[in-house]
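S.K.: Quick one: this structure, given as structure tokens, is what I'll be asking you about.
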Amino acid sequence: PIILGLESSCDETAAALVADDRTIIAHRLAGQEAAHRPYGGVVPEIAARAHVEALIPLVEAALADARMSLADVDAIAATAGPGLIGGVMVGLVTGKALAHAAGKPLIAVNHLEGHALSPRLADPALRFPYLLLLVSGGHCQLLEVRGAGDYRRRATTIDDAAGEAFDKTAKLLGLGMPGGPKVEALAAEGDAAAVPLPRPLVGTAEPHFSFAGLKSAVMRAVQSGQWRDADIAASFQKAVVDCLVDRTRRALAVADAPTALVVAGGVAANRAVRSGLEQLAQAHGLPFVAPPLWLCTDNAAMIAWAGAERFAQGANDPLSFPARPRWPLDPAAEAVRGAGV
Ligand code: ATP
Ligand code: MG
Ligand code: FE
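Residue numbers (the working numbering): 128 to 468.
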């Protein structure tokens, strides 16, 4: 089967055609950085309008690249959440319209499931169950991935996501958007041992995350005028990696026989993050799997692939499927949130 995937949950508009044998037949993506740059962050209303303008031309371009028409597609997978609701609605409604017009099944995909299964698109050898560190702009979670649609959340962040910390650090250093890659580039010129910064929650029994205190410490370091920007960037990045590696080590101790250690989401594109986790996996005798960089940040190939995995399970969602601004992968873990984290 061939799946058309649509992504529009944040500030990337994308369309992809992916086959269930893992061939990425076509992928088209349009970023919106220039539109949001004057505001220093993603403006939801501007994002939604940009998705409206970009999406159909990207679908047409992807089909043209593949020399295909909608008739050649077996199902249409669209991100239905979580994310900025206006953008999600644009992609989901477009997916519904295409599915209805072409008489094809609709698959409403959880964007986080797209990230979570993207390593399996990249690596055919990756089997369930695996321990996943999902690190993105809005999430920082440790999940046992037991199958498509079967997730057990072992940990989450009690405040900011790791990608958010990168973006805020970039803003404090005046680097602008996109924050993560700019901090990584500046960190390469700095001394990671120069600036003393906290490692929140490191060493605690539960493998949860916290980055708010680190962000505040970066702000104080910037304001002190005592350090070089590159040293702040490098020290910040090292602190994040130390937190991610320590928390993932804790989760490995309690996880149920994972076959691999896996990382996905935008922050998984960071080379220091990847190498820290790779060393951890080696120490535990586990394979380490990280998607290629372009498959870590938002894209439509991962949505099409998640759609392919769900299609194989017989998925066919109703055209009434709602756009969901919040949509946890492990609702049971989310439900106990009030009791602690
Ligand atoms: P979510 O997936 O949680 O809904 P999102 O879709 O906005 O959030 P992604 O596109 O998955 O997030 O990831 C974007 C995040 O990844 C941003 O916070 C960005 O700064 C971060 N990021 C991207 N590249 C890098 C990098 N090289 N180093 C560090 N962070 C990075
Ligand atoms: Mg983005
Ligand atoms: Fe994302």
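Idealized CB from N, CA, C, for every residue including glycine.
Just to confirm the assignment, what range does the alpha helix (DSSP H) spanning A297 have?
M.R.: Residues A289 to L299.
S.K.: Write down the C-beta distance between P209 and H238 rounded to the nearest angstrom, noting that I regard them as a contact closer than 8 Å.
M.R.: Rounded, the Cβ-Cβ distance is 6 Å, consistent with contact.
S.K.: How about the region 224-236 and the region 197-211: do they share at least three Cβ pairs that are nearer than 8 Å?
M.R.: As far as the Cβ criterion goes, the region 224-236 touches the region 197-211, which means the pair count is three or higher.
S.K.: Taking only heavy atoms of ligand 1 into account, decide whether any of them is closer than 7 Å to the Cβ of T424.
M.R.: Yes - ligand 1 has a heavy atom lying nearer than 7 Å to the Cβ of T424.
S.K.: Can you look up D199 in the DSSP assignment and give me helix, strand or coil?
M.R.: Looking at D199 - three-state DSSP - the assignment turns out to be helix.
S.K.: Could you check the C-alpha separation between L446 and A228 for me, to the nearest Å?
M.R.: If I take the Cα positions, the gap works out to 12 Å.
S.K.: Would you call E490 buried or exposed, if buried means 16 or more other Cβ atoms sit within 10 Å of its Cβ?
M.R.: What is shown of the chain runs 128 to 468, which leaves residue 490 out entirely.
S.K.: Taking three-plus beta-carbon pairs below 8 Å as touching, is the region 262-275 in contact with the region 411-421?
M.R.: Taking 8 Å as the limit for Cβ pairs, the verdict is that the region 411-421 does not touch the region 262-275.
S.K.: Taking DSSP as the reference, what is the three-state secondary structure of A332?
M.R.: In this structure, A332 counts as coil in the three-state DSSP scheme.
S.K.: Between which residues of its own chain and F363 is the CB-CB distance below 6 Å, once the five residues before and five after are set aside?
M.R.: Same-chain partners within the cutoff: T296 and V345.
S.K.: List in chain order: all unbroken beta strand (DSSP E) runs of 3+ residues lying wholly within the region 149-190.
M.R.: Correct list: 151-158.
S.K.: Residue range of the alpha helix (DSSP H) that E461 falls in?
M.R.: Counting along the chain, the alpha helix (DSSP H) containing E461 begins and ends at P458 to A462.
S.K.: Short of 7 Å in beta carbon distance, which residues of its chain neighbour V368, apart from the five on each side in sequence? Order them along the chain.
M.R.: So the list reads A399, V400 and G403, once near-sequence residues are dropped.
S.K.: Look up L133 in the DSSP assignment and give the residues it is bridged to.
M.R.: Per DSSP, A142 and A205.
S.K.: How many whole angstroms separate the CB atoms of H266 and G392, which I take to be in contact at a CB cut-off of 8 Å?
M.R.: That belief holds up - the Cβ atoms of H266 and G392 are roughly 7 Å apart, short of 8 Å.
S.K.: Going by beta-carbon coordinates alone, are L388 and A408 separated by less than 8 Å?
M.R.: Yes, the pair counts as a contact, with Cβ atoms nearer than the cut-off.
S.K.: Is the beta carbon of A282 closer than 8 Å to that of R176?
M.R.: Result no, Cβ atoms of R176 and A282 do not sit closer than 8 Å.
S.K.: Where do the N-terminal and C-terminal ends of the beta strand (DSSP E) with D383 fall, by residue?
M.R.: Looking at the DSSP string, D383 is not in any beta strand (DSSP E), and its letter there is neither H nor E.
S.K.: DSSP state of A226, grouped into three classes?
M.R.: DSSP places A226 in helix when its eight states are reduced to three.
S.K.: Would you report the Cα separation of Y257 and Q353, rounded to the nearest angstrom?
M.R.: Rounded to whole angstroms, Y257 to Q353 spans 43 Å at the Cα level.
S.K.: For ligand 1, is there a heavy atom less than 7 Å away from the beta-carbon of G392?
M.R.: G392: yes, Cβ under 7 Å from ligand 1.
S.K.: By the 10 Å Cβ neighbour count, where 16 or more other Cβ atoms means buried, how is R426 classified, buried or exposed?
M.R.: Contrary to the premise, residue 426 reads as Asn rather than Arg in this sequence. N426 should be labelled buried.
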